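Quick notes on the structure that follows.
Residue numbers (UniProt numbering), protein chains in the order written: chain F, 1 to 167; chain G, 1 to 97.
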């Protein structure tokens, strides 16, 4: 009951829950139950590069941009001013996946060539949904990283001694 | 409830009770080790540790020489709740007395 009570007091705080499959989810603690099942709100996956399938995204067409033909491209679209594209290789008409330095994943389609230096690209951007909720079964939790100011050490010691006496 | 009862070790968990507010060593499943100050625990060995150092040991096998390469990844976490079902052993701090 000690940790159930403790987590109930932590409701509304930011925590990082690390699961036994190494996935780490950060979010606001919404609720907890006696099994230490955890409900998180406004979640984000801490290591998104490692777990791209955990990022729910939806595509929509953004605009046509012109980009240099070099392997690292500067994209000059209205919402991607100065964004850096990494490891972009492409074939005519082929789709490629790329990432801008922000959080959006995008898909480019080569639709024309403008001179030697620049190509025209139609860009559909997959925006990551940043607001999500999730329920985590207690048994799959390995760690919960707690906010440093969310731990009243004296209170925990007293509660632990009470629990140890069988209270 | 005298001081004698507080300090004697009658059952295994008493040993952990005496380690409250002390730095302990915890060995976990999947080749993880923790060192940190014990702030809370329960009968499942769920714990809250402070100033935690986690060491994850991974073994890779070299493609060519088949040599085992042991890597230890360390990180520190200010406050950590540890779920008890992953705990293999808990060792209290070394005592000189």
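By construction, the Cβ of each residue, glycine as well, lies at the ideal position given by its N, Cα and C atoms.
Please read these numbers as outputs of a predicted model, since none were measured by experiment.
For residue i: DSSP bridge partner residues
i: residue 159 of chain F; result: For residue 159 of chain F, which the question treats as bridged, DSSP gives no partner whatsoever.
i: residue 23 of chain G; result: G:37
i: residue 138 of chain F; result: None; residue 138 of chain F has no bridge partner.
i: residue 38 of chain F; result: F:32 and F:136
i: residue 71 of chain G; result: G:58
i: residue 49 of chain G; result: G:38 and G:80
i: residue 143 of chain F; result: F:18 and G:82
Beta-carbon neighbours of residue i, restricted to chain F and to distances below 8 Å
i: residue 80 of chain G; result: 143, 144, 145 and 146
i: residue 89 of chain G; result: Neighbours of residue 89 of chain G on chain F: none; closest Cβ ~16 Å, over 8 Å.
i: residue 85 of chain G; result: 139
Helix, strand or coil at residue i [DSSP, three-state]
i: residue 13 of chain G; result: helix
i: residue 27 of chain F; result: strand
i: residue 4 of chain F; result: helix
i: residue 71 of chain F; result: Caution is warranted here: a pLDDT of 37 is assigned to residue 71 of chain F, below 50, making its placement in the model unreliable, and the coordinate value is therefore given only provisionally. Three-state result, residue 71 of chain F: coil.
i: residue 46 of chain F; result: coil
i: residue 78 of chain G; result: strand
i: residue 30 of chain G; result: coil
i: residue 9 of chain F; result: helix
i: residue 15 of chain F; result: strand
i: residue 148 of chain F; result: helix
i: residue 86 of chain G; result: helix
i: residue 20 of chain F; result: coil
i: residue 154 of chain F; result: helix
i: residue 62 of chain F; result: Confidence is the limiting factor: at residue 62 of chain F the pLDDT is only 43, short of 50, which leaves the residue's position unreliable and the question unanswerable from this model.
i: residue 164 of chain F; result: helix
i: residue 18 of chain G; result: coil
i: residue 77 of chain F; result: Its pLDDT being 38, under 50, residue 77 of chain F is placed unreliably by the model, and the measurement read from it follows with that caveat. Coil, per DSSP.
Cβ-Cβ separation, residue j to residue i (assumed contact under 8 Å), whole Å
i: residue 203 of chain F; j: residue 85 of chain G; result: It is not possible to answer for residue 203 of chain F, since the shown part of chain F is limited to 1 through 167.
i: residue 77 of chain G; j: residue 54 of chain G; result: 7 Å
i: residue 100 of chain G; j: residue 164 of chain F; result: This structure does not reach residue 100 of chain G, given that chain G is present from 1 up to 97, and the question cannot be answered.
i: residue 148 of chain F; j: residue 14 of chain F; result: So it is not a contact: roughly 11 Å between Cβ atoms.
i: residue 10 of chain F; j: residue 29 of chain F; result: 5 Å
i: residue 36 of chain F; j: residue 3 of chain F; result: 6 Å
i: residue 20 of chain F; j: residue 161 of chain F; result: Actually they are not in contact, since the Cβ atoms of residue 20 of chain F and residue 161 of chain F sit about 30 Å apart, beyond 8 Å.
i: residue 34 of chain G; j: residue 82 of chain G; result: 7 Å
i: residue 98 of chain G; j: residue 70 of chain G; result: Shown here, chain G extends from 1 to 97; a query on residue 98 of chain G therefore has no answer.
i: residue 36 of chain G; j: residue 45 of chain G; result: Incorrect: roughly 14 Å between the Cβ atoms, too far for contact.
i: residue 80 of chain G; j: residue 145 of chain F; result: 6 Å
i: residue 45 of chain F; j: residue 38 of chain F; result: No, residue 45 of chain F and residue 38 of chain F are not in contact; Cβ-Cβ is about 15 Å, not under 8 Å.
i: residue 43 of chain F; j: residue 132 of chain F; result: 5 Å
i: residue 109 of chain G; j: residue 32 of chain G; result: Summary: the structure shown does not reach residue 109 of chain G, with chain G confined to residues 1 through 97, and so no result is reported for it.
Under 7 Å by beta carbon: chain F residues contacting residue i
i: residue 72 of chain G; result: Here the premise fails: no neighbours, minimum Cβ distance about 16 Å.
Contacts that residue i makes with chain G (C-beta to C-beta distance below 8 Å)
i: residue 157 of chain F; result: 20, 21, 39 and 40
i: residue 135 of chain F; result: Here the premise fails: no neighbours, minimum Cβ distance about 16 Å.
i: residue 151 of chain F; result: 39, 48, 50 and 79
Residue i: contacting residues in chain F (beta-carbon distance under 9 Å)
i: residue 17 of chain G; result: 160, 161 and 164
i: residue 13 of chain G; result: 164
Proximal residues of chain G, C-beta to C-beta of residue i below 7 Å
i: residue 23 of chain F; result: Near residue 23 of chain F there are no residues of chain G at all, since even the closest Cβ is about 14 Å away, more than 7 Å.
i: residue 2 of chain F; result: 40 and 42
- Task: Please determine if the stretch 39-47 of chain G and the stretch 148-160 of chain F are in contact, where contact requires at least 3 C-beta pairs separated by less than 8 Å.
- Result: yes
- Task: Please determine if the stretch 59-72 of chain G and the stretch 19-28 of chain G are in contact, where contact requires at least 3 C-beta pairs separated by less than 8 Å.
- Result: no
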